[in-house]
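Visitor: The structure's right below; bear with me while I get my questions together.
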Amino acid sequence: MARAVSTRRKIITTAVAWAIGLVIFFPIFWTILTSFKTEAQAINNPPLFWGFDFTLENYAVVQERSDYMRFLWNSVIIAGGSTFLGILVAVPAAWSMAFVPSRRTKDILLWMLSTKMLPAVGVLYPISLIFVEFGLLDTRIGLTLVLMLINLPIIVWMLYTYFREIPIDILEAARMDGAGLRQEILYVLTPMAIPGIASTVLLNIILAWNEAFWTLNLTAASAPPLTAFIASYSSPEGLFYAKLSAASTMAIAPILILGWFSQKQLVRGLTFGAVK
Amino acid sequence: MSPRTALRASSALALCVFAAAASAQDTTITIATVNNGDMIRMQGYTDLFTEQTGIGVEWVTLEENVLRQRVTTDITTNGGQFDIMTIGMYETPIWGANGWLVPLDDLSEEYDVDDILPAMRGGLSHDGTLYAAPFYGESSMVMYRTDLMEEAGLEMPEAPTWQFIREAAAAMHDTENEVYGICLRGKPGWGEGGAFITVTANSFGARWFDEDWNAQFDQPEWEEALTFFVDLMNSYGPPGYATNGFNENLSLFQQGRCGMWIDATVAASFVTNPNDSTVADSVGFALAPNAEGVEKRSNWLWAWALAIPAGTQQEDAAKQFIEWATSREYIELVAENEGWANVPPGARTSLYETPEYQEVPFAEMTLSSIDAADPTNPTVDPVPYVGIQFVAIPEFAGIATEVSQEFAEVYAGQQTIAVALENAQALTNDAMEAAGYR
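Listed in order, the protein sequences are those of chains A and B.
Going from the first sequence to my numbering is simple: count from 1 and add 49.
Going from the second sequence to my numbering is simple: count from 1 and add 324.
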C-alpha cells in the first residue's frame, strides 16, 4: 500500500529536488551563458547574470576557426560505433554469465571491473605502440576499438544486472518450445531486456562522447572528435573563456539533446529492477 | 534511380572530388601547437604560405599539458603524426640531446639565423646546435598601475628590489575597493607557480641543486625567499592566490584589481589592449625585482618555438614552413595587417631596431628583461644545470610539480614553511637518487 504523503512534504521534496538539480546543472548553465558574453564580460567580477551585451560573436569565431561538423561527425562515429560493437560483444557475454554461471563467473566479473581501476595513462605507451604497429593512429576505427574495450566492463556489468532480473523460466519455456540459442537471445531475451539495453546504450554513448584521454592522445588531424575541439580552445597564455564556453556548448549540445529526448527511457532503464 | 544507386553515384563523385583536391596539393604538413594568441594569428596567415609554396598545412591545437604528453608519446613511439611541433625552452635542449629533433643547422641565408636574439638561440640549442626556431619569446617583468603609484606618492625605479615592491604593495593595497597590492602566481605546476617561486628564489640567492645534484631546500636562502613570498602575498595579495596562475592574474589585473603583477612579458600586450583591459592606459613596466644585494634578478626566459621531430617524412616542407613563420617577413606581414603591438615579440634582434616597434610602450623593457636573463648562469652560486625557471633535465617537470604542490599548501595555509621545505628537500633528493644523479 502506498504511504500517504502530505502536501507540505511534497512541496519540500520537490523544492529540494529542484535545488539539487539546479546546483548540478549550474556549471552547464554558466558555460552556456558565458558563451554569449564578450571576453571582457566573461571574466567580469562580480559575475554577470544579466545586463551584458548578448553576442553571437564567439560562435562565429569558433565556427570560422574550426570545422565543427568534422569534429561532430568523428564523435558520432566513434561514440556510436564503440557502443554498437560493445553491445554486440556484451549481450552474449552477459547472457552466459546471468543464465549459465560457472564457479568462476563472479571472479571474471570482478576481474573485468578491475581493469577500470588502472589509470588510463598507465597503458598509454603499450596502446600507442600497438597503434603505431597496426597503423591505427589517428583513425576512427582505432579509437572506436579502444573506447569499445574501455567501456566493455561497464556494459557487461550493466547488462548482467538487467538480465538477472529476467526469470530464467521464461527462457526455459522458450527452449522447450524449440527455440535455439540464437533465437532465445534475439527473440526472447533481448525484447524483454530492451529498457536495460537502451539505458546501457545511452550511458555508453555519453561515456564515449565525453572520453577525453584516448581521444586526445591517439588523434591528430584526421580523426579528432569534439573533445579535441574543446581542448583546442584552452589557452595557457591569454583569456579566451567566452570562446572556450562557446566551443564547449557546441560540443555538449548534441549529447544534451539526446539525453533530453531519451530521459524517460534512461530513468526507466536505470531503475529497472529496483522495485519488484 | 534507386536510393542505393544514388548513394553509390554520389560516393563515387565525392571520391573524385577528394582525389582532385588531394592532387592539387602534393605535400601537407601537420603542426601541433597551443592556443596562444600569436599562434592563432599565425594560423590565419597560413593560406598565404600555401599559396606561395603549394604546401598544405594542417593544425592540431591542443592544451599545453596535453600537447607535451602528446608529442612526447609521438616522438618516443615513432608515431610520426606531426611534422612540426610547438615546444618550449625546457624541452628543446633535452629532446635535441636525445636525437629526437632535426637540427636546424642549414637554414637559408635570407633567414639570417644570427638575427635571433642570443639568449633565445642559446636556450634553444644543445651543444651549440639550434634545434628549434623561436616563434615568440618572453621574459618576466613588473607591470604596475601608474595611477595608483602616483596616488601613493611613489615612483617605480627601473630596477626595483623586492623590498621596494613590498613597500609599494603596502601603499597601493586597498581592500575596501578590492584593489590588492600585488598579484603573483601560486597555482601548482612546474610551469605555473613552480616557475615563479623558482625565479623568486634565484633572486634571493637560492638554487635548486648544488654542483653534485644535491637539493638545496634546506639552505637559508630558500627559507628566506619562501617566507618573503608568503608574507607578501598573505598581506597584500588577493584571497585564494594559491590557485591563481597566469590567466587568473591577467583577469584580475585587467579589471583593475592589482596594483602590481610580475609575470610574462607577453602579458604586456594584453593589459595595454583597450578592448580587454580596463586599465590599458595606466600601466607601467619595470625589471623583475631582486633582493637587496643579490646580483641575480627574478626574470625568466621562455620561448615558444617550432621544431621538427626526427622521423618526419616531410622534413624539407617543414623547414620551409619554419623559415616562413619565424622570419622577419612574417613579422612585417603581421605589423602591416594588425599593427606593431601585435607582432610576435622576443625572437629577433632586428625587431627591436625597428623604429616603429620602439614606440610600442613595452618594447624596451621586454628586450632589457630578455637580455638580462642568462639560462647558462641562472643563480648566484654555480649550478650543474641550464635553465632559469626550470632545470633542463627530464625529471624536473615531475619533481617541480610536486614541490610546487607542497608550496601551494603553504599558500593555502595548510602547512608551515618549514614542513614544506623539508618535504621538498626529501622528495627531490629521492627522485634524483632514483634517477641516478646522486
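Glycine included, each C-beta is placed from N, C-alpha and C at the ideal position.
A quick note: this is a predicted structure, and the numbers were derived from the prediction, not measured.
Taking a cut of 9 Å between CB atoms, which residues from the stretch 153-186 of chain A lie near chain B?
Guide: Cβ contacts with chain B come from 170, 173, 174, 177, 178, 180, 181, 186.
Visitor: Can you list the alpha helix (DSSP H) stretches of 4 or more residues lying completely in the stretch 70-107 of chain A, in chain order?
Guide: Here the runs fully enclosed are 88-91.
Visitor: Which residues in chain B sit within 7 Å of residue 282 (chain A), going by Cβ to Cβ distance?
Guide: Here the neighbours are 359.
Visitor: Can you check whether the C-beta of residue 92 (chain A) is within less than 8 Å of a C-beta belonging to chain B?
Guide: Cβ-Cβ to chain B under 8 Å: yes for residue 92 (chain A).
Visitor: Compare the C-beta of residue 88 (chain A) against all C-beta atoms of chain B and say whether one is closer than 8 Å.
Guide: True, the Cβ-Cβ gap to chain B drops below 8 Å.
Visitor: Excluding the 5 residues preceding and the 5 following residue 98 (chain A) in the sequence, name in chain order all residues of the same chain whose CB lies nearer than 8 Å to its CB.
Guide: 82.
Visitor: With DSSP as the reference, please indicate the residues paired to residue 705 (chain B) in a beta bridge.
Guide: For residue 705 (chain B), which the question treats as bridged, DSSP gives no partner whatsoever.
Visitor: Could you tell me which of B:581, B:674, B:539, B:378 sits nearest to residue 756 (chain B), measuring between CA atoms?
Guide: Checked all of B:581, B:674, B:539, B:378; the closest Cα to residue 756 (chain B) is B:539.
Visitor: Residue 282 (chain B): buried (16+ other C-beta within 10 angstroms of its C-beta) or exposed?
Guide: The structure shown does not extend to residue 282 (chain B), since chain B is modelled only from 325 to 762, so the question has no answer here.
Visitor: With 9 Å as the limit, tell me which residues of the stretch 369-385 of chain B have their beta carbon closer than that to any beta carbon of chain A; keep them in chain order.
Guide: So the close ones are 382, 383, 384, 385.
Visitor: Looking only at C-alpha atoms, which of B:746, B:566, B:374, B:719 sits nearest to residue 512 (chain B)?
Guide: If we check each option's Cα against that of residue 512 (chain B), B:566 comes out closest.
Visitor: With a threshold of 6 Å on Cβ separation, who are the neighbours of residue 598 (chain B) within its own chain once the five nearest residues in sequence on each side are excluded?
Guide: Excluding positions up to five away in sequence, the list reads 604.
Visitor: Residue 640 (chain B) CB to nearest chain A CB: under 8 Å?
Guide: Judged by the 8 Å Cβ criterion, residue 640 (chain B) is not in contact with chain A.
Visitor: Which same chain residues, not among the five before or five after residue 585 (chain B), have their C-beta less than 6 Å away from its C-beta?
Guide: Excluding positions up to five away in sequence, the list reads 467, 507, 573, 577.
Visitor: Using only the alpha-carbon positions, how far apart do residue 488 (chain B) and residue 264 (chain A) sit?
Guide: Rounded to the nearest angstrom, the two C-alpha atoms are 50 Å apart.
Visitor: Shorter than 8 Å from the beta carbon of residue 287 (chain A) to some beta carbon of chain B?
Guide: Interface residue, yes.
Visitor: Using the three-state DSSP reduction, which class does residue 587 (chain B) fall into: helix, strand or coil?
Guide: Here residue 587 (chain B) sits in strand by DSSP.
Visitor: In whole angstroms, what separates the C-alpha of residue 656 (chain B) from that of residue 121 (chain A)?
Guide: Going from the Cα of residue 656 (chain B) to the Cα of residue 121 (chain A) covers about 37 Å.
Visitor: Residues of the stretch 401-423 of chain B in Cβ contact with chain A at a cutoff of 9 Å, in chain order, please.
Guide: Hits within the stretch, in order: 401, 402, 403, 404, 405, 406.
Visitor: Would you kindly report the start and end of the unbroken beta strand (DSSP E) that includes residue 383 (chain B)?
Guide: Taken as a continuous stretch (DSSP letters only), the beta strand (DSSP E) holding residue 383 (chain B) covers 379-386.
Visitor: Using the Cβ count rule (16 or more neighbours within 10 Å means buried), how would you classify residue 400 (chain B)?
Guide: Classification of residue 400 (chain B): exposed, given that the 10 Å Cβ count is below 16.
Visitor: Apart from the five residues just before and just after residue 674 (chain B), which ones in its own chain have a Cβ nearer than 7 Å to its Cβ?
Guide: Result list for residue 674 (chain B): 439, 652, in chain order.
Visitor: Residue 177 (chain A) and residue 397 (chain B): beta carbons closer than 8 Å?
Guide: Yes. Within cutoff.
Visitor: Using 8 Å as the threshold, is the C-beta distance between residue 368 (chain B) and residue 699 (chain B) below it?
Guide: No, these two residues do not count as a Cβ contact at 8 Å.
Visitor: Measuring straight from C-alpha to C-alpha, what distance separates residue 685 (chain B) and residue 171 (chain A)?
Guide: Answer to the nearest angstrom: the Cα atoms are 48 Å apart.
Visitor: Compare the C-beta of residue 354 (chain B) with all C-beta atoms of chain A and state if any pair is closer than 8 Å.
Guide: Chain A, which has a Cβ nearer than 8 Å to the Cβ of residue 354 (chain B), makes this yes.
Visitor: Taking DSSP as the reference, what is the three-state secondary structure of residue 603 (chain B)?
Guide: Correct three-state label for residue 603 (chain B): coil.
Visitor: Using the Cα positions of residue 173 (chain A) and residue 517 (chain B), report the straight-line distance between them to the nearest angstrom.
Guide: Whole-angstrom Cα-Cα distance: 28 Å.
Visitor: For residue 59 (chain A), count neighbouring Cβ atoms within 10 angstroms of its own Cβ and tell me buried if that reaches 16, exposed if not.
Guide: Answer is exposed; the Cβ neighbour count stays below 16.
Visitor: Span of the alpha helix (DSSP H) holding residue 301 (chain A)?
Guide: Looking at the DSSP string, the run of the alpha helix (DSSP H) that includes residue 301 (chain A) is 290-310.
Visitor: Please list the partners that residue 107 (chain A) has in chain B, where partner means a Cβ-to-Cβ separation under 9 Å.
Guide: Residues of chain B passing the Cβ test: none, with the nearest at roughly 14 Å.
Visitor: Note down, in chain order, every chain B residue with its Cβ under 8 Å from the Cβ of residue 266 (chain A).
Guide: Within 8 Å Cβ-Cβ: 390, 393, 394, 397.
Visitor: Given that residue 270 (chain A) touches chain B, what residues does it touch there, using C-beta distances under 7 Å?
Guide: Within chain B, the residues near residue 270 (chain A) are 354, 382, 384.
Visitor: Output needed in chain order: residues of the stretch 596-608 of chain B with a Cβ under 9 Å from some Cβ in chain A.
Guide: So the close ones are 599, 600, 601, 602.
Visitor: If we count the other Cβ atoms within 10 Å of its Cβ and call it buried at 16 or more, is residue 509 (chain B) buried or exposed?
Guide: Looking at its Cβ environment, which holds 16 or more other Cβ atoms inside 10 Å, residue 509 (chain B) is buried.
Visitor: Check the Cβ-Cβ distances between residue 575 (chain B) and every residue of chain A, and say whether any is below 8 Å.
Guide: Answer yes: the Cβ-Cβ gap between residue 575 (chain B) and chain A drops below 8 Å somewhere.
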